Amino acid sequence: MSASESTTYDVIPVSKPCIGALEIKYVTDAVTSGWVSSLGSYIDTFEEEFASFVGTRHALAVSNGTVGLQLALSALGIRAGQEVIIPDLTFVATANAVLAVGGVPVQVDIDPFSYCINVDELKKAINENTFAVIPVHLYGMPANMPSIRELCIERGVRIVEDAAEAHGATISGKQVGSFGDIGVFSFYGNKIITSGEGGMLTTNSPELLDRAKCLRDHAMSAERRYWHNESGFNFRMTNLQAALGLAQLRRIGEFLECRERILHRYKSRLSSSALRIGPALGDGAVNWLVTAQSPRLDFTTRDRLITELRKSGVDTRPFFYPIGMLPFIRSKPLPVALRVSGSSFNLPTFVGLTDSQIDFICNVLLAKLEYISDK
Ligand SMILES: *Cc1c(COP(=O)(O)O)cnc(C)c1O
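What follows is the structure, encoded as structure tokens:
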């Protein structure tokens, strides 16, 4: 988010939410109605409209994307000690959600072009203790869901799609979040749409919806109030958050178009450099954060470049570290994830970023790249 990722106002931030009159209207309405907690019409409407946006029968709002992943695994019936396969390159939330429900995250290497899970490696990693796989649509690029589905159905493995960074991305015209048993989205402040904090589960299964809904609310018995047959969670979203989220959802077409224009301008301005700019939009991807990768960069030079850019008023951010590099994970980072992670960073991407700001960023970047390679 802009506030945490930049400390001065002169620096162009990596991201910042676009809040307008519609958001203010809905949130004001929600707060004046008195329905400020987790009951209220904005929640119902947000869930209904989000399901129809993704093209699933159901959607269920939750407090954030991380607990959304936890709830999805719990609703599917994961037992302690079972393995959940995740890509090695992802935000830590994917791994943390598995750990939080007593599962064992097992990392699989990524595809060097899509940055998403490598399906051949996934095939090798599935065993009799594999409960589920969580493909992540990283930086807006869809994972290869048709192949993952075919493989998982054959092997009896559940699929939870982590679509936290890919609202609106499609594969052959079908939205991400509609391929797995459950899809999970995030509405954190730097995501494609925001509810402040928030998340959404999507599914076609009425049984999974009921199960997740029950667990979201302390597994309260449907027949007997304040009776609980098992331990559950409080993972509810508030009506205030849903009011903000609904306004954003109703503007998502405008946001996605604007993000696409931003990506095209970066690509044309940086076409003379050795940088590989993504995501490649041809494949149904959306542009959450513009990615820049150079085979000439490693962790040290990449970090030096980020520092130099910041001194010149451009905030960027490093790619996620491979999950296998993190000290609380008991395995090693995988080669492609390691190479991509060390040689990549994200450029400012948000609705409201102007053409002249993009041109400024590109000029600074081209100059700093030369400076870094001369040293
Ligand atoms: C943001 C994100 C999440 C978690 O979402 P929160 O709403 O921040 O909890 C999970 N997975 C990925 C890949 C994300 O980028």
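5 is the number of the first residue of the sequence shown in this note's numbering; add one for each residue after it. Glycine included, every Cβ here is placed at the ideal spot set by N, Cα and C. Just so we're clear, the structure is a prediction, and the values are computed from it rather than from any experiment.
- Message: Here's the rule: buried if 16 or more other CB atoms are within 10 angstroms of the residue's CB, otherwise exposed. What is G181?
- Response: The residue given as residue 181 occupies position 177 in the sequence shown. Looking at its Cβ environment, which holds 16 or more other Cβ atoms inside 10 Å, G181 is buried.
- Taking just the CA atoms, how far does D115 sit from V344? Position 340 of the sequence shown, counted from the start, is the residue given in the question as residue 344. Position 111 of the sequence shown, counted from the start, is the residue given in the question as residue 115. When rounded, the distance between both Cα atoms is 10 Å.
- Message: Do V140 and D166 have their beta-carbon atoms positioned less than 8 Å apart in this structure?
- Response: Counting from one through the sequence shown, the residue named residue 166 turns up at place 162. Counting from one through the sequence shown, the residue named residue 140 turns up at place 136. In contact: D166 and V140 (Cβ atoms closer than 8 Å).
- Query: Per DSSP, what kind of secondary structure is P322 in: helix, strand or coil?
  - Reply: Numbered from 1 along the sequence shown, position 318 holds the residue referred to as residue 322. In the structure shown, P322 sits in a strand (DSSP, three-state: E or B).
- Message: So the candidates are E234, G282, A278 and R254; which of them puts its Cα closest to the Cα of R265?
- Response: Residue 265 sits at position 261 when you count from the first residue of the sequence shown. Here the closest residue by C-alpha is G282.
- Among all the DSSP beta bridges, which residues are the ones paired with V290? Position 286 of the sequence shown holds residue 290. Per DSSP, none; premise fails for V290.
- Task: Name the residue from F183, A278, V368 and G107 whose alpha carbon lies nearest to the alpha carbon of S78.
- Result: For the purposes of this step, residue 78 is taken as residue 74 along the sequence shown, with counting starting at 1. Looking at the Cα atoms, G107 is the closest of the given residues.
- F189, buried or exposed, once every other Cβ within 10 Å from all chains shown has been counted against 16: Taking the sequence shown and counting its residues from 1, one reaches residue 189 at position 185. By the neighbour-count rule (16 or more Cβ atoms within 10 Å), F189 is buried.
- Query: Among the residues of its own chain, which have a CB less than 8 Å from the CB of C366, if the five just before and after it don't count?
  - Reply: In the sequence shown, the residue the question calls residue 366 occupies position 362. Answer for C366: Y270, R273 and L274, listed in chain order.
- Message: Using the Cβ count rule (16 or more neighbours within 10 Å means buried), how would you classify P150?
- Response: Residue mapping note: residue 150 aligns to position 146 of the sequence shown, counting from 1. So P150 counts as exposed.
- Item | CA-to-CA distance, Y46 to A25, given in whole angstroms | Walking along the sequence shown from the start, residue 25 turns up at place 21. Walking along the sequence shown from the start, residue 46 turns up at place 42. In a straight line, the C-alpha of A25 is about 17 Å away from that of Y46.
- Identity of the residue in L155, I376 and R159 nearest T305 by Cα: If you number the sequence shown from 1, residue 305 lands on position 301. Nearest C-alpha to T305: I376.
- Query: In whole angstroms, what is the alpha-carbon distance linking I157 and V164?
  - Reply: If you number the sequence shown from 1, residue 157 lands on position 153. If you number the sequence shown from 1, residue 164 lands on position 160. Those two C-alpha atoms are separated by around 13 Å.
- How far does the alpha helix (DSSP H) with R273 in it reach, from first residue to last? The residue you call residue 273 lines up with position 269 of the sequence shown. Looking at the DSSP string, the run of the alpha helix (DSSP H) that includes R273 is I256 to R273.
- Message: Shorter than 7 Å, the distance from the beta carbon of S118 to the closest heavy atom of ligand 1, or not?
- Response: Numbered from 1 along the sequence shown, position 114 holds the residue referred to as residue 118. Answer for S118: no, Cβ out of range of ligand 1.
- Query: What did DSSP end up calling V137 once you bin it into helix, strand or coil?
  - Reply: Within the sequence shown, residue 137 is the residue found at index 133, counting from 1. If DSSP states are grouped into helix, strand and coil, V137 belongs with the strands.
- Message: Would D214 and V15 be called neighbours here (beta carbons separated by less than 8 Å)?
- Response: Residue 214 sits at position 210 when you count from the first residue of the sequence shown. Residue 15 sits at position 11 when you count from the first residue of the sequence shown. Against a cut-off of 8 Å, the Cβ pair of V15 and D214 comes out as no contact.
- Query: Which residues mark the beginning and the end of the alpha helix (DSSP H) in which E125 is found?
  - Reply: Within the sequence shown, residue 125 is the residue found at index 121, counting from 1. Counting along the chain, the alpha helix (DSSP H) containing E125 begins and ends at V123 to A129.
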